[in-house]
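Here full-length UniProt numbering is used: the first residue of the sequence shown is 1, the next is one more, and so on.
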Amino acid sequence: MRSFASDNNSGVHPLVMEALNRANQNHAVGYGDDPWTKEAVRKIKETFSPDCEPLFVFNGTGSNAVALQLATRPYNLILCAETAHIYVDECGAPARMTGCQIRPIATPDGKLTPELIRPYLKNFGEQHHSQPGAVYISQCSELGTVYTPEELKALTTLAHEYGMYVHMDGARLANACVALNLSFKELTVDCGIDILSFGGTKNGLMLGESVIIFNPDLKKEALYVRKQSAQLASKLRYLSCQFTAYLTDDLWKKNAAHANAMARKLYEGLQTLPDVQFTQKMESNQLFLTMPRPVIDRLMKSYFFYFWNEAENEIRFVTSFDTTEEDIQSLLQAVKDSF
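See the structure below:
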């Protein structure tokens, strides 16, 4: 059964598998002192900024936890959207590992704005209250929407004005870049992002992420925080070598462009059907929509996907780099047959 539940359910791109096989040919020094990791670091610096510091970690939750530990102290407040992955889907790991209070903010489209966070920028210097210390955003958002550079700059400008750091969860950053026809650098460094969780697992990698530090003030303790957070792999080359493949010949862009294009085809096909209502703008590789509950129940017998808000009959479809046009047509036919 082909899945539209998550891009995490997709396979590994053949070029990434080739990179893993090459890294497996011989012995290498552990903990990152190997040629594959050094090449991946060089590639990331070339892509983002020569002054950035990348740290390879096991997964997205670990990446977010490491990044937020670097950006906060235990008495800080972390601001995020109410749909944020760190608030909803990480079992409290960032809160536990940072010691911080996480404050969710209601937002109609998964994106924060200066207007939404400004009411929480208070109590500075008041010893009885958590001190605002970091803003967490997802690009793409958990609702599939995309921050523009102008929106990001407005957020980072306000946060920095109040002495706060901005952490971007870039699990689907590639999809956002393709949607806006911009580079990784243009959506991160150039927008004032302080620290990034750079993902690839949803876009063709087997596992692993990179915490990329742009703000030099956050670099000093990075190696120790990664180790203490159980995110330092002994055979680090198996994580890092994937990123070299990912950033070579725009593999990341080709994969994300295909995923976005398949989502667009699915969106266009579903738009023609009765009683299908989209609840969010279609901007990346995620679709959010409502259908009659009996239709959903019948469709779930042949396809795997998730409810987003079961009370509202809202579901989510996600496409990936290996979704085919045949997959899209088969799903559309199954939806039609379920009415």
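Glycine is no exception: its CB is placed at the ideal position from the N, C-alpha and C atoms.
Source: prediction; values computed, not measured.
Hey, out of the options, whose CA is closest to residue i's CA?
i: P50; options: V41, G192, S320; result: V41
i: T290; options: S229, N309, S302, K301; result: N309
i: A81; options: E46, I137, A334; result: I137
i: F278; options: E221, F307, F288; result: F288
i: N9; options: P274, R237, M206, L223; result: M206
i: I86; options: A65, G110, I328, P74; result: A65
i: E150; options: T188, P274, N21, A261; result: T188
i: R293; options: T113, F339, D190; result: F339
i: G62; options: K45, R226, V16; result: R226
i: D169; options: D275, D194, E46, M282; result: D194
i: I44; options: A230, D250, H27; result: D250
i: T148; options: P94, R316, K111; result: K111
i: L158; options: D190, E115, L196, W252; result: E115
i: E221; options: M17, D34, G11, E53; result: E53
i: F305; options: E312, A311, V318; result: V318
i: D217; options: E46, M164, R2; result: M164
Output yes or no for whether 8 angstroms exceeds the beta carbon distance between residue i and residue j.
i: N181; j: A134; result: no
i: L55; j: S210; result: yes
i: F198; j: L173; result: yes
How is the alpha helix (DSSP H) around residue i delimited, first residue to last?
i: L70; result: 60-71
i: G269; result: 251-271
Does the CB of residue i have a neighbour CB from chain D at under 8 angstroms?
i: V135; result: Looking for chain D here will not work: only one protein chain is present.
Residue i and residue j look like a contact to me (Cβ under 8 angstroms); what is the Cβ gap, rounded to whole Å?
i: T107; j: L68; result: Incorrect: roughly 19 angstroms between the Cβ atoms, too far for contact.
i: E325; j: K235; result: With 8 angstroms as the limit, E325 and K235 do not qualify as a contact, their Cβ atoms being about 38 angstroms apart.
i: A256; j: V178; result: 4 angstroms
i: D7; j: S320; result: 4 angstroms
i: A245; j: A19; result: 4 angstroms
i: I212; j: F4; result: Contact doesn't hold; Cβ gap of about 30 angstroms is too wide.
i: Y303; j: L331; result: 6 angstroms
Could you pull the start and end residues of the beta strand (DSSP E) that residue i belongs to?
i: D297; result: It is not in any beta strand (DSSP E) - D297 instead sits in the alpha helix (DSSP H) that spans 293-299.
i: I212; result: 209-213
i: M168; result: 165-170
i: S138; result: 131-138
i: S338; result: Where S338 is concerned, there is no enclosing beta strand (DSSP E), although the alpha helix (DSSP H) it sits in stretches over 325-338.
Quick check: the region 148-157 against the region 123-130, are there 3 or more CB pairs under 8 angstroms? no
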